[in-house]
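A.B. asks: First, the structure itself, so that you have it in front of you.
There are 2 protein chains.
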Amino acid sequence: MGRLTGGDPSLLRRINSAVVLHTLRAADSPTLTHLVQLTGLSRPTVEGVVEGLIESGLVVEAPAEEGARRQGRPARRFRFRAEAGHLLGIEIGAHRVSALLSDLSGRVLGSVQHDVDESAPADRRLACARDTVADLLRQAGVARDSLRAVGVAGPGIVEADGTVRLGTALPGWTGLPLGDRLRKSFRCPVLVENDANAAAVAEHWKGAAAGSDDVVFVLAGLSPGAGSLIGGRLHRGFGGAAGEIGALHLLGRGATPETLLSTTGEPLHPLDEAQVARVFTLAREGDARARDAMRRFIQRLVHDVAALVLALDPEIVVVGGWAAGLDGVLDPLREELARYCLRPPQVALSALGEAAVATGALRLALDHVEEQLFAVEGTVTARR
Amino acid sequence: MGRLTGGDPSLLRRINSAVVLHTLRAADSPTLTHLVQLTGLSRPTVEGVVEGLIESGLVVEAPAEEGARRQGRPARRFRFRAEAGHLLGIEIGAHRVSALLSDLSGRVLGSVQHDVDESAPADRRLACARDTVADLLRQAGVARDSLRAVGVAGPGIVEADGTVRLGTALPGWTGLPLGDRLRKSFRCPVLVENDANAAAVAEHWKGAAAGSDDVVFVLAGLSPGAGSLIGGRLHRGFGGAAGEIGALHLLGRGATPETLLSTTGEPLHPLDEAQVARVFTLAREGDARARDAMRRFIQRLVHDVAALVLALDPEIVVVGGWAAGLDGVLDPLREELARYCLRPPQVALSALGEAAVATGALRLALDHVEEQLFAVEGTVTARR
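Chains A and B supply the protein sequences, listed in that same order.
For what it's worth, the numbering used here labels the leading residue of the first sequence as 1, then goes sequentially.
For what it's worth, the numbering used here labels the leading residue of the second sequence as 385, then goes sequentially.
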């Protein structure tokens, strides 16, 4: 309760400013009278706050409505200037870099994707990310100076400062100071997140988990990763490693991710999606060894997801990643979870598909900016 | 932000009252001047709040200090009346019922244990709980009317209203409206919690996890249960089933909990701790079948705990329950977690031992009362 100091006037000013801005953004060009009603604040307080917001460029006077020209001067209306700043969400993946651009309301204004070779070293992958961003800003006609925050998501365990602690999926990724490297290209904050964590945030924002606050997102591949929301908030874990369930099979089990889907006994490259998809096609066509391989793959996925579900007890499990689109993954998962979990969750396919990770990175950038704009939480701190 | 209404005077009054009470409880019989300094509130505000707290019985004027009698009338001092109310923490287990009594500061004033047969039906177990409480109140000389909250913990998945959704460890436990049944014996709130969840809270309060906010507590037995704290808060899961990792082995695995430690192929009764301990003794003495059984048991425990650790990434894993005290459990667990987890947690033995579950139930009762006394959090609500 260290920061709780009773009637702190600067705290009240910040609360009032955040309340007005929040109300302005939610309402449709309200008048001052309307803002007084919606916020419960006094008219002089609202007037003072609105003037301050206009000066900072976040609020602008809206044109008067047509129907309101009945008599005398119409009441002044105000709106939030979503165009006062911009945000980027970037996915750095094994085969491509995707970037999304939005305004301060989170409305997506454009997107660009560039392919990159799965064997590309870290420098080349980062150069590809910079090119993707430059193309996107140029196409959208948005100045780099207008960016308020950049979210970046990719595979691996990410430290709080944006360094990749462990990232075996991409060459040269482990130990890469990804945040520091990208910060050189931007003047605004750059936030780095694990890809499955970002996707969980995205599906909660505007995907299959909208409306659920207890969510597990599974990025299904040869070695699945997962992200989870608990009470609507991303659960990163004490060291950022929460949801890295892929290591579970190593405990007293024979199959590695690479041999799991093999029909020859030879290891498959973990990122060779085409070859893996071929195994699924063969299985559908009745090939016995492919069917066995596919059964092993699904068993493993079910086991990993079940471990997450038993540990966390989410309301919904959203399955994304390349394996989610393959036939025969979702139904066995649903059946097995219903069979073994004491309280089976809903199981849904990712609604955002390939856009999930970049969309989550964008949402994290938006969260960061909103925290600055609307920061009142935490001033009255929780007790324990 | 629905409840955020700017300068709400009743909210400010509540904040001020909570700040003063909190400061009074933490400080050593402060004077009014001292309270004004510590809280940052005005002297008239502090005076008004203290008068209100004296009227409610929560604060009393403390005797003047000896050394302070230098000249004139010494300044009035005040203290929190921890004896203004009492709390109970009750564990209802397979073999015994334990109850702890404390004052409003959480200081334990007494404890009583009664044995109960593992085959006792629910009615007899509840009667034993009532007898235990009656003995404890009598021994401590505390009136039942003085109780402000009662925490109860036992095995099983517990609904928010205190009904046991699933509890196979005790006869007649599944479906039991445990909260409603116990509420008939008390005039104060009765809170029901899963035993592993309660133990996690206890170890965080004053046990092996004090100082860590990301904790997994494993109640190690034939079918392990677990409780977890995330950011210092108990994580119950969407349906109260979080941590019920015991079902994981059912997925494509042969051994049930009952055959896991068997040396004959015949099932062991899951609650027969003496027989299980005998297997461990035989193993230490070199019996080959007992060693195999023990290895299976530890492998299973390691696997279940690893699943929790990978899903949650806690700072520390605390192992309690009867199996925690057996030799050869903690070291293999530590080694295997270090081998397979990307960020291995600390592994510690429960510091509270058999008292962990009842202590956690007591802490939950204390949390409930403190929320009422010091409730200001949540009035300025979080955004997402």
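Glycine included, C-beta positions come from ideal geometry on N, C-alpha and C.
Being a predicted model, the structure only gives us computed values, none of them experimental.
Assuming Ala483(B) is part of the beta strand (DSSP E), what are its boundary residues?
C.D. replies: Here residue 483(B) is taken as the residue at index 99 of the second sequence, counted from 1. Ala483(B) -> beta strand (DSSP E) spans 480-487.
A.B. asks: For Gly636(B), is the classification buried or exposed, using 16 other Cβ atoms within 10 angstroms of its Cβ as the cut-off for buried?
C.D. replies: Stepping through the second sequence from its first residue, residue 636(B) is reached at position 252. Here Gly636(B) scores only 48 on pLDDT, less than 50, and its place in the model should not be relied on; the value that follows carries that caveat. So Gly636(B) counts as exposed.
A.B. asks: Quick check on the DSSP output: the alpha helix (DSSP H) that includes His418(B) runs from which residue to which?
C.D. replies: Looking up residue 418(B) in the second sequence gives position 34. Its alpha helix (DSSP H) spans residues 416-423.
A.B. asks: If you measure beta-carbon to beta-carbon, which residues of the segment 605-624 of chain B are closer than 9 Å to chain A?
C.D. replies: So the list reads Ala610, Ser612, Ile614, Gly615, Gly616, Arg617, His619, Arg620, Gly621, Phe622, Gly623, Gly624, given in the order they occur along the chain.
A.B. asks: In terms of DSSP beta bridges, what is Asp115(A) paired with?
C.D. replies: Locating residue 115(A) in the first sequence gives position 115, counting from the first residue. DSSP, once it has assigned bridges, lists Arg96(A) as partnering Asp115(A).
A.B. asks: Could you confirm whether any beta carbon from chain B is found closer than 8 Å to the beta carbon of Pro30(A)?
C.D. replies: The residue given as residue 30(A) occupies position 30 in the first sequence. Cβ-Cβ to chain B under 8 Å: no for Pro30(A).
A.B. asks: Note down, in chain order, each residue of its chain lying with its Cβ closer than 7 Å to the Cβ of His95(A), except the 5 sequence neighbours on either side.
C.D. replies: On the first sequence, residue 95(A) is found 95 positions in, with the first residue counted as 1. Taken in chain order, the residues that qualify are Asp115, Val116, Glu118.
A.B. asks: Could you tell me which chain B residues have their CB closer than 8 Å to the CB of Glu159(A), listed as they occur along the chain?
C.D. replies: On the first sequence, position 159 is the one that residue 159(A) refers to. Neighbours of Glu159(A) on chain B: none; closest Cβ ~11 Å, over 8 Å.
A.B. asks: From the DSSP secondary-structure annotation, give me the bridge partner or partners of Gln346(A).
C.D. replies: As a position in the first sequence, residue 346(A) is number 346, starting the count at 1. Beta-bridge pairing links Gln346(A) to Ile316(A).
A.B. asks: Beta-carbon within less than 7 Å of Ala524(B)'s beta-carbon, same chain only, minus the 5 sequence neighbours each way: which residues are those?
C.D. replies: The residue given as residue 524(B) occupies position 140 in the second sequence. Once the five neighbours on either side are set aside, the close Cβ partners of Ala524(B) are Leu485, Leu493, Gly494.
A.B. asks: Going along the chain, which residues of its own chain have a beta-carbon closer than 7 Å to the beta-carbon of Val216(A), five neighbours each way excluded?
C.D. replies: Taking the first sequence and counting its residues from 1, the one referred to as residue 216(A) is at position 216. Within the same chain, Val216(A) has close Cβ partners Ala226, Ser228, Leu308, Val309, Leu312, Pro314, Val317.
A.B. asks: Determine the extent of the beta strand (DSSP E) in which Gly609(B) is found, giving its start and end residues.
C.D. replies: Along the second sequence, one-based indexing puts residue 609(B) at 225. Element bounds for Gly609(B): 609-614.
A.B. asks: Grab the span of the alpha helix (DSSP H) containing Gly179(A) for me, first residue to last.
C.D. replies: Residue mapping note: residue 179(A) aligns to position 179 of the first sequence, counting from 1. Note, Gly179(A): alpha helix (DSSP H), 178-183.
A.B. asks: Let me check one thing: in DSSP terms, what residues is Arg79(A) bridge-paired to?
C.D. replies: Numbered from 1 along the first sequence, position 79 holds the residue referred to as residue 79(A). DSSP output for Arg79(A) lists Val60(A) as bridge partner(s).
A.B. asks: With a threshold of 16 other CB atoms inside 10 Å of the CB of Arg295(A), please say whether the residue is buried or exposed.
C.D. replies: For the purposes of this step, residue 295(A) is taken as residue 295 along the first sequence, with counting starting at 1. Exposed is the call here.
A.B. asks: Is Pro314(A) close to chain B? Criterion is C-beta to C-beta, closer than 8 Å.
C.D. replies: Here residue 314(A) refers to the residue found at position 314 of the first sequence. Yes, Pro314(A) lies at the interface with chain B (some Cβ there is under 8 Å from its Cβ).
A.B. asks: Quick check on DSSP: helix, strand or coil for Ala691(B)?
C.D. replies: In the second sequence, residue 691(B) corresponds to position 307, counting from 1. Three-state result, Ala691(B): helix.
A.B. asks: Alpha carbon to alpha carbon, how far is Ser489(B) from Ala544(B)?
C.D. replies: For the purposes of this step, residue 489(B) is taken as residue 105 along the second sequence, with counting starting at 1. For the purposes of this step, residue 544(B) is taken as residue 160 along the second sequence, with counting starting at 1. When rounded, the distance between both Cα atoms is 26 Å.
A.B. asks: Tell me whether Arg343(A) is buried or exposed, calling it buried when 16 or more other Cβ atoms sit within 10 Å of its Cβ.
C.D. replies: The residue you call residue 343(A) lines up with position 343 of the first sequence. Arg343(A) should be labelled buried.
A.B. asks: Count the other C-beta atoms from every protein chain shown that fall within 10 angstroms of the C-beta of Asp529(B), then say buried if there are 16 or more, exposed otherwise.
C.D. replies: On the second sequence, position 145 is the one that residue 529(B) refers to. The residue is exposed, with fewer than 16 neighbouring Cβ atoms inside 10 Å.
A.B. asks: Nearest-angstrom Cα distance between Val576(B) and Val536(B)?
C.D. replies: As a first step, residue 576(B) is located in the second sequence; it is residue number 192 there, counting from the start. As a first step, residue 536(B) is located in the second sequence; it is residue number 152 there, counting from the start. If I take the Cα positions, the gap works out to 5 Å.
A.B. asks: So that I know if they touch, is there some Cβ in chain A lying closer than 8 Å to that of Ala639(B)?
C.D. replies: Translated into positions along the second sequence, residue 639(B) becomes position 255. Note on Ala639(B): pLDDT 47, under 50, position unreliable in the model; the coordinate value appears next. For Ala639(B), the answer is no, since every Cβ of chain A falls outside 8 Å of its Cβ.
A.B. asks: The beta strand (DSSP E) that contains Glu577(B), what's its start and end?
C.D. replies: Position 193 of the second sequence, counted from the start, is the residue given in the question as residue 577(B). 574-578 is the extent of the beta strand (DSSP E) around Glu577(B).
A.B. asks: Keeping to the same chain, check which residues put their C-beta closer than 8 Å to that of Ser42(A); ignore five residues upstream and five downstream.
C.D. replies: Your numbering for residue 42(A) matches position 42 in the first sequence. Val36, listed in sequence order.
A.B. asks: How big is the Cα-Cα spacing for Leu301(A) and Tyr724(B)?
C.D. replies: Working through the first sequence from its first residue, we reach residue 301(A) at position 301. Working through the second sequence from its first residue, we reach residue 724(B) at position 340. Those two C-alpha atoms are separated by around 18 Å.
A.B. asks: When the distance is taken between beta carbons, is Ala504(B) closer than 8 Å to Pro555(B)?
C.D. replies: The sequence position of residue 555(B) within the second sequence is 171, counting from 1. The sequence position of residue 504(B) within the second sequence is 120, counting from 1. Yes, the Cβ-Cβ distance between Pro555(B) and Ala504(B) is below 8 Å.
A.B. asks: Could one say the Cβ of Ser27(A) lies closer than 8 Å to chain B's Cβ atoms, at least one of them?
C.D. replies: Indexing the first sequence from 1 puts residue 27(A) at position 27. Per the sequence shown, residue 27(A) should be read as Ala rather than Ser. No, Ala27(A) lies away from the interface with chain B (no Cβ there is under 8 Å from its Cβ).
A.B. asks: May I ask which residues mark the beginning and end of the alpha helix (DSSP H) holding Gly52(A)?
C.D. replies: The residue labelled residue 52(A) in the question sits at position 52 within the first sequence. 43-55 is the extent of the alpha helix (DSSP H) around Gly52(A).
A.B. asks: Let me know the secondary structure DSSP gives Gly237(A) once reduced to three states.
C.D. replies: As a working mapping, residue 237(A) is identified with position 237 in the first sequence. Residue state, collapsed to three classes: coil.
A.B. asks: Take the Cβ of Asp598(B) as the centre, count every other Cβ of all protein chains shown within 10 Å, and call the residue buried at 16 or more, exposed below.
C.D. replies: As a first step, residue 598(B) is located in the second sequence; it is residue number 214 there, counting from the start. The residue is buried, with at least 16 neighbouring Cβ atoms inside 10 Å.
A.B. asks: Asp598(B) CB to nearest chain A CB: under 8 Å?
C.D. replies: Walking along the second sequence from the start, residue 598(B) turns up at place 214. Closer than 8 Å to some Cβ of chain A, the Cβ of Asp598(B) qualifies, so yes.
A.B. asks: Expressed to the nearest angstrom, what Euclidean distance is found between the alpha-carbon atoms of Glu371(A) and Val20(A)?
C.D. replies: Locating residue 371(A) in the first sequence gives position 371, where the first residue counts as 1. Locating residue 20(A) in the first sequence gives position 20, where the first residue counts as 1. Taking the straight line joining both Cα atoms gives about 15 Å.
A.B. asks: Closest to Trp706(B) by C-alpha separation, out of Ala483(B), Asn400(B), Val602(B), would be which residue?
C.D. replies: The sequence position of residue 706(B) within the second sequence is 322, counting from 1. Nearest of Ala483(B), Asn400(B), Val602(B) to Trp706(B), Cα basis: Val602(B).
A.B. asks: For Gly477(B), is the classification buried or exposed, using 16 other Cβ atoms within 10 angstroms of its Cβ as the cut-off for buried?
C.D. replies: On the second sequence, position 93 is the one that residue 477(B) refers to. Buried, by the Cβ-count rule.
A.B. asks: Chain A partners of Ile629(B), CB-CB under 7 Å?
C.D. replies: On the second sequence, position 245 is the one that residue 629(B) refers to. Chain A residues near Ile629(B): Leu310, Ala311.
A.B. asks: Beta-carbon separation of Val777(B) and Glu475(B) under 8 Å?
C.D. replies: As displayed, chain B neither begins before 385 nor continues past 768, which places residue 777(B) out of reach and without an answer.
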